[in-house]
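Below is one structure, written out as structure tokens, with a few remarks after it.
Protein chains: 2
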Amino acid sequence: LTDSLTDNLSIALAHHPVQNKHGDTITSAVTNLDVHDLARCARTYGINTVFVVTPLEDQIRLIGQLVAHWVSGYGATYNPKRREALEGVQIIESLEAVRETVALRHGTPPKLVATAARPPGETMDPVGLKRLLEAGAPVVLVFGTAWGLAPAFLQTADHVLAPIRGRGDYNHLSVRTAAAIILDRLLGDRH
Amino acid sequence: LTDSLTDNLSIALAHHPVQNKHGDTITSAVTNLDVHDLARCARTYGINTVFVVTPLEDQIRLIGQLVAHWVSGYGATYNPKRREALEGVQIIESLEAVRETVALRHGTPPKLVATAARPPGETMDPVGLKRLLEAGAPVVLVFGTAWGLAPAFLQTADHVLAPIRGRGDYNHLSVRTAAAIILDRLLGDRH
Numbered sequence: 004l005t006d007s008l009t010d011n012l013s014i015a016l017a018h019h020p021v022q023n024k025h026g027d028t029i030t031s032a033v034t035n036l037d038v039h040d041l042a043r044c045a046r047t048y049g050i051n052t053v054f055v056v057t058p059l060e061d062q063i064r065l066i067g068q069l070v071a072h073w074v075s076g077y078g079a080t081y082n083p084k085r086r087e088a089l090e091g092v093q094i095i096e097s098l099e100a101v102r103e104t105v106a107l108r109h110g111t112p113p114k115l116v117a118t119a120a121r122p123p124g125e126t127m128d129p130v131g132l133k134r135l136l137e138a139g140a141p142v143v144l145v146f147g148t149a150w151g152l153a154p155a156f157l158q159t160a161d162h163v164l165a166p167i168r169g170r171g172d173y174n175h176l177s178v179r180t181a182a183a184i185i186l187d188r189l190l191g192d193r194h
Numbered sequence: 004l005t006d007s008l009t010d011n012l013s014i015a016l017a018h019h020p021v022q023n024k025h026g027d028t029i030t031s032a033v034t035n036l037d038v039h040d041l042a043r044c045a046r047t048y049g050i051n052t053v054f055v056v057t058p059l060e061d062q063i064r065l066i067g068q069l070v071a072h073w074v075s076g077y078g079a080t081y082n083p084k085r086r087e088a089l090e091g092v093q094i095i096e097s098l099e100a101v102r103e104t105v106a107l108r109h110g111t112p113p114k115l116v117a118t119a120a121r122p123p124g125e126t127m128d129p130v131g132l133k134r135l136l137e138a139g140a141p142v143v144l145v146f147g148t149a150w151g152l153a154p155a156f157l158q159t160a161d162h163v164l165a166p167i168r169g170r171g172d173y174n175h176l177s178v179r180t181a182a183a184i185i186l187d188r189l190l191g192d193r194h
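Going line by line, the protein sequences match chains A and B. Basically the working numbering = 1-based index in the first sequence + 3. Basically the working numbering = 1-based index in the second sequence + 3.
Here's what the structure looks like:
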């Protein structure tokens, strides 16, 4: 299906600027499984690009090798479904570079929509995000690793998505599962 | 909230009987992150018990140590939220033992509801599963690792849940993300 929802949507998995346990802004290490899980989710929901954001050169090299293994190396024949998912992964040095790349691709700057377990201010719900996408705006949905996106980034993001509520107050999902749930709420074929 | 949906529901992460890439029935190795992610998801959605099913004695010992670290060891003070999640994990040798344990706990044998990306026969949708839970039946929702639950188990399960549809035909989620999406569809606070 042609689809303004997914044609205009990219996702970014940020390893900087994120918080550690104490609230300090850090750069986290890339976790292989995060890249696999997000790429497979994105592919399932028709999203073309997953930006893996890290400023660290050795991590850029390492994840580049991981992706190359599955896209064009031995992994591509061993598991073609994994290739199909990882083809959409683009490793990039900063969220600013994500913004510029998407602006070039779409001819207009994207809205950056941050995700957070405990947003500091006003949030946008999935219906609002759908409206934004249907109106034709390119959107990058940004997920933070470690203890989540740094407050300074949340303040400069165009919007912050409303957090996932389960049943009760516990809200400590991994970035892998939180991203999956958010994509399903936004794009899934629900009953 | 008291809640017939969650009081009657447990989940099981099965490492046997599951399939490998070629469709052979195997026992897979336990992946630490699967245990963490499922425990955190279960806690988020108010589910009390996550059975980690493996017949392998060394794996039972290993996962026992992992859980003990977070529940009563150094990890419990380092990250209390992780403790809260992992307290619900019970390591057990077979799905038959899961059935017996839940039967003892609830006074009546549970229904085992299997999950599969490509179910071989009739399926139950999330609404049907909700009705079953609301009617007071104890239910164990079973997730398979590796290439999914073995066909022989799917045939003997009481029900098979309808698979997740994204947008298109690609359906190769990790067990971590598939379980998260299914729990959210079943129990999430949706808009």
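Where is the CB? At the ideal position from N, CA and C, for every residue including glycine.
Of the residues the options, the one placed nearest residue i, counting alpha carbons only
| i | options | result |
| --- | --- | --- |
| Pro181 of chain A | A:His19, A:Asp6, A:Pro20, A:Asp37 | This sequence places Ala at residue 181 of chain A; Pro is not what is there. That would be A:Asp37, whose Cα lies nearest to the Cα of Ala181 of chain A. |
| Arg86 of chain B | B:Leu69, B:His19, B:Leu65 | B:Leu69 |
| Glu60 of chain B | B:Cys44, B:Leu12, B:Ser97, B:Ala88 | B:Ser97 |
| Val56 of chain A | A:Ala160, A:Asp161, A:Gly49, A:Ser31 | A:Ser31 |
| Arg168 of chain A | B:Ile184, B:Val163, B:Arg121, B:Gly78 | B:Ile184 |
| Ile63 of chain A | A:Ala42, A:Asn35, A:Arg170, A:Met127 | A:Asn35 |
| Val163 of chain A | A:Pro122, A:His175, A:Gly26 | A:Pro122 |
| Gly191 of chain B | B:His25, B:Cys44, B:Ser75 | B:Cys44 |
| His19 of chain B | B:Glu99, B:Asp172, B:His109, B:Ala79 | B:Glu99 |
| Lys24 of chain B | A:Ala106, A:Gly110, A:Thr80 | A:Thr80 |
| Asp161 of chain A | A:Asp172, A:Ile66, A:Trp73, A:Gly131 | A:Gly131 |
| Ala17 of chain A | A:Val101, A:Gly76, A:Gly67, A:His72 | A:Val101 |
| Thr159 of chain A | A:Arg134, A:Arg179, A:Gly124, A:Lys133 | A:Gly124 |
Nearest-angstrom Cβ-Cβ length linking residue i and residue j, presumed shorter than 8 Å
| i | j | result |
| --- | --- | --- |
| Phe146 of chain B | Thr104 of chain B | No, Phe146 of chain B and Thr104 of chain B are not in contact; Cβ-Cβ is about 17 Å, not under 8 Å. |
| Pro141 of chain B | Pro113 of chain B | 4 Å |
| Ser7 of chain B | His39 of chain A | That pair is no contact at about 36 Å. |
| Val53 of chain A | Ile14 of chain A | 5 Å |
| Leu157 of chain B | Val116 of chain B | Between Val116 of chain B and Leu157 of chain B the Cβ distance is about 11 Å, and since that is not below 8 Å, they are no contact. |
| Asp187 of chain B | Asp187 of chain A | 7 Å |
| Arg179 of chain B | Arg179 of chain A | 6 Å |
Within-9 Å CB hit, residue i to chain E
| i | result |
| --- | --- |
| Asn51 of chain B | Checking the listed chains, one finds no chain E in this structure; the protein chains it contains are A and B. |
8 Å Cβ shell around residue i - same chain, five flanking residues per side excluded
| i | result |
| --- | --- |
| Gln22 of chain A | Thr28, Ile29, Gly147, Ala149, Trp150, Gly151, Leu152, Ala153, Pro154 |
| Arg46 of chain A | Glu87, Ala88, Gly91 |
| His109 of chain B | Asn11, Pro141 |
| Leu65 of chain A | Val33 |
Own chain residues within Cβ distance below 7 Å of residue i, not counting five before or after
| i | result |
| --- | --- |
| Asn11 of chain B | Leu136, Gly139, Ala140, Pro141, Val142 |
| Ala165 of chain B | Thr126, Met127, Asp128 |
| Pro58 of chain B | His19, Thr30, Glu96, Ser97 |
| Ala42 of chain A | Val53, Ala88, Leu89, Gly91, Val92 |
Cut-off 6 Å between Cβ atoms - residues of its own chain near residue i, not counting five sequence neighbours on either side
| i | result |
| --- | --- |
| Leu189 of chain B | Pro129 |
| Thr9 of chain A | Gly49, Ile50 |
| Asn174 of chain B | Ala120 |
| Ala106 of chain A | Pro112 |
| His72 of chain A | Gly78 |
| Val74 of chain B | Arg86, Leu89, Glu90 |
* Near-chain A residues of the segment 65-79 of chain B (beta-carbon distance less than 7 Å), N- to C-terminal order -> none
* Could you tell me which uninterrupted alpha helix (DSSP H) segments, each at least 4 residues in length, are contained entirely in the segment 103-170 of chain B, listed from first to last along the chain? => 129-137, 154-159
* 4-residue-minimum alpha helix (DSSP H) runs that sit fully inside the segment 20-73 of chain A, ordered along the chain -> 35-47
* Near-chain A residues of the segment 151-181 of chain B (beta-carbon distance less than 9 Å), N- to C-terminal order -> Ala165, Ile167, Arg168, Gly169, Arg170, Gly171, Tyr173, Asn174, His175, Leu176, Ser177, Arg179, Thr180, Ala181
* Near-chain B residues of the segment 113-139 of chain A (beta-carbon distance less than 9 Å), N- to C-terminal order -> Asp128, Pro129, Val130
* May I ask you to list, following chain order, the residues of the segment 22-46 of chain A that have a beta carbon less than 9 Å from some beta carbon of chain B? => Lys24, Thr34, Leu36, His39, Asp40, Leu41, Arg43, Cys44, Arg46
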